[in-house]
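Below is one structure, written out as structure tokens, with a few remarks after it.
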Amino acid sequence: MTRYQKKLRMRHFYNQAFKVLLFLVIVVSLLVLVTLLFDIFRKGYQTLTWNFLTSMPSGRAARAGILPSLVGSLVLIALTALISIPLGVGTAIYLELYANRRSRFFKLLQLNIANLAGVPSIVYGILGLAIFSQMLKLGPSLIVGSITLSLLILPVIIVSSSEAIKAVPSSIIDGSYALGVTRWKTITGVILPMALPGILTGSILALSRAMGEAAPLIMVGAVGFVTFLPDNLLSRYSALPLIVFNWTSRPQEAFAQIAASGIMVMMIILLITNLTAIIIRNKTQSRID
Amino acid sequence: MKKKKTYIQESIIQVILALFASISILTTVGIVFSLMFESVIFFNEVSIIEFFTTIRWAPVFDPPSFGVLPLISGTLLIAVLSSMVSLPLGLGSAIYLSEFASSKARKLIKPILELLAGVPSIVYGYFALTFITPLLRTFLPQTEIFNALSASIAVGIMTLPMVASLSEDAMMAVPNSIRQGAYALGSTQLEVSTHVIVPAAFSGIASSFVLAISRAIGETMIVAIAAGQTPSMALNPLGSIQTMTGFMVNMALGDIQQGSIEFKTVFVVGMVLFVITLIMNLIAKKIIARNREVYA
Amino acid sequence: MVKITTELEMFEELVFLMSEKVRRMHTWTTDILKTGDKEKALSIIELDEYVNHDEELINRRALEVLALLAPLASDLRKVIVGIKIATDLERIGDYAKSIARYVIKNEPINEAYLPYVETINSSFLKFYDATMDVYRVKDVKKALELAKLDEEIDSTIAKLYNHLEKDNKDHEDRTNVVAFVSMLRNFERAGDHTKNILEHLIYEVTNQRYDFG
Amino acid sequence: MVKITTELEMFEELVFLMSEKVRRMHTWTTDILKTGDKEKALSIIELDEYVNHDEELINRRALEVLALLAPLASDLRKVIVGIKIATDLERIGDYAKSIARYVIKNEPINEAYLPYVETINSSFLKFYDATMDVYRVKDVKKALELAKLDEEIDSTIAKLYNHLEKDNKDHEDRTNVVAFVSMLRNFERAGDHTKNILEHLIYEVTNQRYDFG
Amino acid sequence: MTIKIKVENLNFYYGSFQALQNINIDIHENRITALIGPSGCGKSTFIKTIDRMYDLIEDTKADGTIAFEGINILDESTDVVELRKRIGMVFQKPNPFPKSISENVLYAVKRHGDQDKKDFPSIIENSLRKASLWDEVKHKLNQSAFSLSGGQQQRLCIARTLATKPDIILMDEPTSALDPIATSKIEELLQELKKEYTVIIVTHSMQQAARISDYTAFFLNGELIEFGETKEMFTAPRDKRTEDYITGRYG
Amino acid sequence: MTIKIKVENLNFYYGSFQALQNINIDIHENRITALIGPSGCGKSTFIKTIDRMYDLIEDTKADGTIAFEGINILDESTDVVELRKRIGMVFQKPNPFPKSISENVLYAVKRHGDQDKKDFPSIIENSLRKASLWDEVKHKLNQSAFSLSGGQQQRLCIARTLATKPDIILMDEPTSALDPIATSKIEELLQELKKEYTVIIVTHSMQQAARISDYTAFFLNGELIEFGETKEMFTAPRDKRTEDYITGRYG
Ligand SMILES: Nc1ncnc2c1ncn2[C@@H]1O[C@H](COP(=O)(O)OP(=O)(O)OP(=O)(O)O)[C@@H](O)[C@H]1O
Ligand SMILES: Nc1ncnc2c1ncn2[C@@H]1O[C@H](COP(=O)(O)OP(=O)(O)OP(=O)(O)O)[C@@H](O)[C@H]1O
Ligand SMILES: [Mg+2]
Ligand SMILES: [Mg+2]
Ligand SMILES: O=P([O-])([O-])[O-]
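Chains as they are written, first to last, in the numbering used here: chain A, 8 to 296; chain B, 799 to 1094; chain C, 118 to 330; chain D, 118 to 330; chain E, 33 to 283; chain F, 33 to 283.
Encoded structure:
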């Protein structure tokens, strides 16, 4: 056998070995997810009852429910969406379609957004605490929570919307301009419709991230244990991750169990939103080639 | 056609959008301002040299001690240990997905990885405390209830999908034509992956690594739940530690007085965290920028 | 319709227009040989200018078609054959001109030879017309049959040569033999070139050279 | 080098090869007219086959070049001119064949006419060679000057015709006049077609038709 | 022959790089003018000056005059929105909007708002007919434009340009992304279009310029080397550089 | 003339769609064989069967034989890694690796490990020379391949294929992404290459097939309609469909 042929055999062997190894890696990664889900389900499914969903929290695990946190989270996210999506999409449109790419402002904006995306969420909590909660004296209110979360996810929405807008082929945009259509009409006529799926996916993913955030809310003074429902923007409130954190921090096993139930509620909501996002993306990916 | 019409609507829209865009700049200004404001006051009371050189962190003790190094070392421990989980597994998954998996397998696995990425950190924290730690203790009985290793594994698992997905994006972005070119010269999949695709996607992969580490540094809830509250320089994975983020959450949970020195420590630690992650992000950006021209 | 189809049709039409002018020249030849009508002879010579111009036009159009449309296969042969036929037509026209020149320089021909010349010319015209017809309809089978018409011309000319030779030997005739024989050659050559046209047509359609010999 | 350059060079080389064969045919004509050597006459006739074949080859190559390389501008003219020159060369070859046929059918020509024929032929060869030379070097200026060489041929032929006419009138000569005159026409025509080659060359280089008349 | 556009002393700059140098050219009405030349010679740039598409590229500058209907296209005061309505453009790659076929045709019409709503059906039909596409799509006007083949998409882009009633149609290598058969369909269509419109077409393919155009302009390094009737250009170019280029001896 | 590859009764399927139907063709050694035909007729598919690139596409199947050096390329047991070393392929778009010029040339040589390390410099030079690129790049062998122009990149891709010492080079529309000048450089190069290699080239352009190839195969709807000498095919095609296609009367 020549050297070449020997080497050829080894190359085929290494290739097979590597393939098996990588497959194992994937299996391990997936196994973790399965374990995680299974573990939580195992711990939490018994206490996940209708009562649990519709009751106030309580010092006794058996009676405790998550209603204020569930409602709090939903309201919080709705408000966050209202603030962050228009701001984020607007900024993305400005960046991609209006700003002069050579201007200082544009470069500053880009750098700024890239950096904001990497700022730990807890730091946003500090921002909320210092500026909105204390300086503006809004306290640990619903509005402060949603502003904080909005600012937290704003860079994500801007970046994903920018990507979605960038993904609109410039040939199509030029096509519209070349027909004598103004910029704004081009934006509403072709760019936004084409970028919409991408913007939606990005926004949903960002919002679901906000939904799971606990640290910044803790920083702005939100607590898990709240026994009333929010009724205005300045109300105090709770949120799902907060109550879960509260329960995990307690030493009793029973609280660990209802924490698992709380996680299940949160995960079901997230699963639904994430799946929606993934489906939107897969649908549109196959359409525009 | 002779005279340019003035398109008023167009101009108004442009101004409004520019205003929207400035919000994000105001956010940064707000962050820096709030961090600086309290920090400056803090350093008026505590020497900056003491802060960065002494190795005891006990701000609420009497007398308080403000050596931030134990928090930093705890943070780094988490970052290093978690990278050992997330980087190899993440990259491996990425290579598998982009180079080896059939399109069917990829279609199945990718969304699952994405779901993994969507799991909130609090859930990982819970998982670390109630599953990983007990598991570790069956193998390593000396493991403390709150320990760095368990938190690191959870942080690693949490950042794995990010590494996998960003690296895979980078590898998928290598034009298929280059891949085909390599196969057409008689290469095996392994050679195509290691000699062509990974080098070509290097910048994307590297920046995903840096971002993963940065995420680990800024991660809060997992460490707050599972890593303990003991500032320590011991670098013992099995022992309880405290990270910067862990400290901040802890303080926020307590009933601290605005204006008190404890209150200010939160801002100072926040400042340190902010600076570290900022530097990491800038590094990631540099790596990308340096290799950006490749396919131009 | 594909552009080249129309272009080629227009191109061939030029060839037909040219062929009609050439025909006109030849219809007058017997006449002027009989009457010695120098006016008419001059108008033949004049017509030759147009014919030459037509050839040039065909060449130019052919070049344009080749350059602009880069024809292939049968389209290409059509163009090349067009050029070649135009060359032959130009020559055929030249022969009429040559006859006209003879008329201008010489007396009307000897009555005795007139019937020959008339037969020759009518044979030629028959052959010529038939040739342009088969060219139009691209009928190879008919083309192969036509060549025998050329023999009619040649055999009549041969008879006339014999007659002439005899007369010459007998010193019967006052005709300038050299000039007359040279003139007669024109009929023969015109027939030959018409035969060339048939060969070109066969080539165009079949992509095969055919030689009537 | 660009492919079309080599292809066109090879294509022109075919034309030159053909022109050499044609020249060979014509170098023998005076000889056989003098000696009546029928063997040699036959070998001229044979050579004509090769010349015809050459023309076919040139046509085929031209078609291939046109189809495969779609030449433009001067390249295109080069090909078309190649085809046209080949047609003329084939004709010029034909005239030699025609003279050979005369030799086979007739006695050697009258001694008295021989010097004329020799002069005619050497004038022709000079003209022919000069023409192929300017074609090779594409020298339009020289080409314009050359045409006067053709006049040498024509004037000698005219002298011979006069002599012949006179002899004929005086009944001095036993030559078959008809055949002899027909034969002489071949020299004249060969000169004419050589002149055509010059015209083609001028067209190739200048893209302008030129008519020596 | 009427001159539709008269270009005089046109210079064009990308930043400090001069991409067009002192171009003078007359565009004849109802004729097809082809622009040829090696890559980077400025063909696309030239075409972009005519409908001011270069406005969309930062740091560009044009001087000289492009006279069209009594105005200088290059003037600051020219309303480019209006201008681009009058001078349509078709791009290299078919770029239909991700909308239905009929929406594509109506897209600009609706946004300009200068034609009656009740005429929309006839606008659709006429535009598609003129673009030789009607018969192929009349039964599926509401289907996505992406369901069409590349060649059909390109004709749809032409149709959508025609719907705005332009005078002039600019085309930048409109067939270079198409296969030969789709290409020849577009080439045939061009012969129809020139009856009503003035067409300027950039093409990489000399053969295409030869086949379809009435006038040809040959650019080299930002200069206009030769401009004239196509048949002259390809049978007897005046400039040595043109001859070298078209006979494949350049570069 | 030696026959290098003998294709017999080749059928090819993408899933249930049959893209090639009973193809029989002889590829002659040291000749250029061009494949022409309308879009989607199966040209690329055919070329992919020869170096088994279709293995990279899921759910494909080929039957029949492609005889090459005593083996049937289509056999399961054929080592495709080795096969592809012997049969090089050049793609439509230049696809150099994001490495230096010399690394590009050596990439496959290093992987195969059948040539001596000390020969590497000469391998680089020879391959680049054969690809007519040496003079243009000899001073910058360590620069990124992306610093080259499109045409140079394509020649680099040819050079990197030559470095593995193939017998056969397959090219799938290698010039369709290039401008006419870069194209003619590649066409000239092909005339050089055929002295040492057997070349099969897919081209969209009949003119190109005419200019460069010795043999031409005309495909239509997955069938091989006509195969023969190029000069015959373009001056006197045997099949009516071929004539219609080459004279632009198809479709
Ligand atoms: N946006 C731009 N910025 C800077 N230079 C440019 C830009 N666009 C084109 N150029 C330069 O201007 C010159 C002319 O470019 P243009 O696109 O007009 O060429 P072209 O003739 O259309 O070439 P092609 O045939 O490749 O499309 C080139 O040198 C090019 O590099
Ligand atoms: N991966 C694939 N899956 C399914 N069908 C395919 C695939 N690739 C090609 N085909 C189909 O096979 C047929 C032949 O395609 P192929 O790419 O060989 O054509 P082609 O002649 O190369 O066309 P083109 O000139 O457009 O490159 C087409 O009908 C095409 O739709
Ligand atoms: Mg261009
Ligand atoms: Mg293909
Ligand atoms: O020049 P001719 O055709 O008469 O021989």
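All residues carry an ideal CB built from backbone N, CA and C; glycine is no exception.
Item: Where does Val-39 (chain F) sit, in a helix, a strand or coil, going by DSSP?; Value: strand
Item: Cβ closer than 8 Å: which chain A residues qualify as neighbours of Glu-114 (chain F)?; Value: Leu-15
Item: Can you find a CB in chain C that lies within less than 8 Å of the CB of Arg-218 (chain D)?; Value: no
Item: Tell me, to the nearest whole angstrom, how far the beta carbon of Asn-136 (chain F) is from that of Leu-210 (chain F); I am working on the premise that it is less than 8 Å.; Value: 18 Å between Cβ atoms; not a contact.
Item: Below 8 Å on the Cβ atoms is my guess for Ser-919 (chain B) versus Met-1019 (chain B); work out the distance and round it to an integer in Å.; Value: 4 Å
Item: Quick check: what's the CA-CA separation for Asn-1034 (chain B) versus Gly-872 (chain B)?; Value: 9 Å
Item: Which two residues bound the contiguous alpha helix (DSSP H) that contains Lys-162 (chain F)?; Value: 152–162
Item: Assess, as a yes-or-no matter, whether the stretch 980–995 of chain B is touched by the stretch 104–122 of chain A under the definition of 3 or more beta carbon pairs within less than 8 Å.; Value: no
Item: Report the neighbours of Tyr-11 (chain A) on chain F: residues whose CB is nearer than 7 Å to its CB, in chain order.; Value: His-144, Gly-145 and Asp-146
Item: Give every residue of the same chain whose Cβ lies closer than 7 Å to the Cβ of Leu-231 (chain D), excluding the five residues on either side of it in the sequence, and list them in chain order.; Value: Lys-151
Item: Within the continuous beta strand (DSSP E) that includes Gln-185 (chain F), where are the two ends?; Value: Careful: Gln-185 (chain F) lies outside any beta strand (DSSP E), inside the alpha helix (DSSP H) at 182–194.
Item: Could you list the residues in the stretch 264–276 of chain F with a C-beta less than 8 Å from some C-beta on chain C, going in chain order?; Value: Phe-266, Thr-267, Ala-268, Pro-269 and Glu-275
Item: Lys-265 (chain C): buried (16+ other C-beta within 10 angstroms of its C-beta) or exposed?; Value: exposed
Item: With a cut-off of 8 Å on the beta carbons, I'd call Asn-227 (chain D) and Ala-203 (chain D) a contact; round off their distance for me.; Value: Contact flag wrong, Cβ pair sits at about 35 Å.
Item: Can you tell me which of A:Thr-155, A:Ala-266, A:Lys-192 and A:Gly-79 puts its alpha carbon nearest to the alpha carbon of Pro-237 (chain A)?; Value: A:Gly-79
Item: Since Lys-125 (chain E) meets chain A, which of its residues come closer than 8 Å, beta carbon to beta carbon?; Value: Ser-178
Item: Decide yes or no for the touch test of the stretch 201–221 of chain D against the stretch 178–198 of chain C: beta carbon pairs closer than 8 Å, at least 3 of them.; Value: no
Item: May I have the straight-line CA-CA distance separating Glu-1091 (chain B) from Trp-254 (chain A), to the nearest angstrom?; Value: Unreliable positioning characterises Glu-1091 (chain B) in this predicted model, as indicated by a pLDDT of 48, which lies under 50. The coordinate reading is nonetheless provided below. Roughly 51 Å between the two C-alpha positions.
Item: Measuring alpha carbon to alpha carbon, tell me which of B:Asn-974, B:Ala-1025 and B:Phe-840 ends up nearest Ala-949 (chain B).; Value: B:Ala-1025
Item: Is the Cβ of Gly-280 (chain F) closer than 8 Å to any Cβ of chain C?; Value: yes
Item: Which of the three DSSP states, helix, strand or coil, is assigned to Ala-1010 (chain B)?; Value: helix
Item: With a 10 Å radius around its C-beta and 16 neighbouring C-beta atoms as the bar for buried, classify Gln-184 (chain E) as buried or exposed.; Value: buried
Item: Identify every residue that forms a DSSP beta bridge with Asp-95 (chain F).; Value: F:Asn-43
Item: So which residues of chain B does Ala-266 (chain A) contact, with C-beta pairs closer than 8 Å?; Value: Tyr-924
Item: Give the straight-line distance between the Cα atoms of Ile-197 (chain C) and Ala-179 (chain C), rounded to the nearest whole angstrom.; Value: 8 Å
Item: Between which residues of its own chain and Asp-296 (chain A) is the CB-CB distance below 6 Å, once the five residues before and five after are set aside?; Value: Only weak support exists for where Asp-296 (chain A) lies, its pLDDT of 35 falling under 50; the value from the coordinates is given anyway. Counting only Cβ-Cβ distances below 6 Å, and skipping sequence neighbours, we find nothing.
Item: Identify, in the order they occur along the chain, each residue of the same chain with its Cβ nearer than 6 Å to the Cβ of Ala-1082 (chain B), setting aside the five sequence neighbours on each side.; Value: Ser-1005, Val-1008 and Leu-1009
Item: Go through its chain and collect everything with a Cβ distance to Thr-1028 (chain B)'s Cβ below 8 Å, but skip five positions before and after it.; Value: Phe-944, Gly-1037, Ser-1038, Ile-1039 and Gln-1040
Item: Let's test the definition: count the other Cβ atoms within 10 Å of the Cβ of Asp-254 (chain D) and tell me whether it reaches 16, buried, or not, exposed.; Value: Here residue 254 (chain D) is Val; the residue named in the question, Asp, does not match the sequence. Answer is exposed; the Cβ neighbour count stays below 16.
Item: My assumption, with CB atoms under 8 Å, is that Leu-125 (chain D) sits in contact with Glu-172 (chain D). Please give the rounded CB distance.; Value: Between Glu-172 (chain D) and Leu-125 (chain D) the Cβ distance is about 18 Å, and since that is not below 8 Å, they are no contact.
Item: How about Phe-329 (chain C) and Glu-316 (chain C): are their beta carbons less than 8 Å apart?; Value: yes
Item: Any residues in the stretch 197–215 of chain E with a beta carbon nearer than 8 Å to a beta carbon of chain F? Which ones, in chain order?; Value: Asp-211, Pro-212, Ile-213 and Ala-214
Item: Rounded to the nearest angstrom, what separates Phe-841 (chain B) and Val-878 (chain B) at their Cα positions?; Value: 30 Å
Item: Between Ile-244 (chain F) and Leu-183 (chain C), what straight-line distance do the alpha-carbon atoms span, to the nearest angstrom?; Value: 19 Å
Item: With a threshold of 7 Å (Cβ to nearest heavy atom), would Tyr-46 (chain F) be considered close to ligand 2?; Value: yes
Item: Please report the distance separating the alpha-carbon of Leu-159 (chain C) from that of Leu-202 (chain E).; Value: 55 Å
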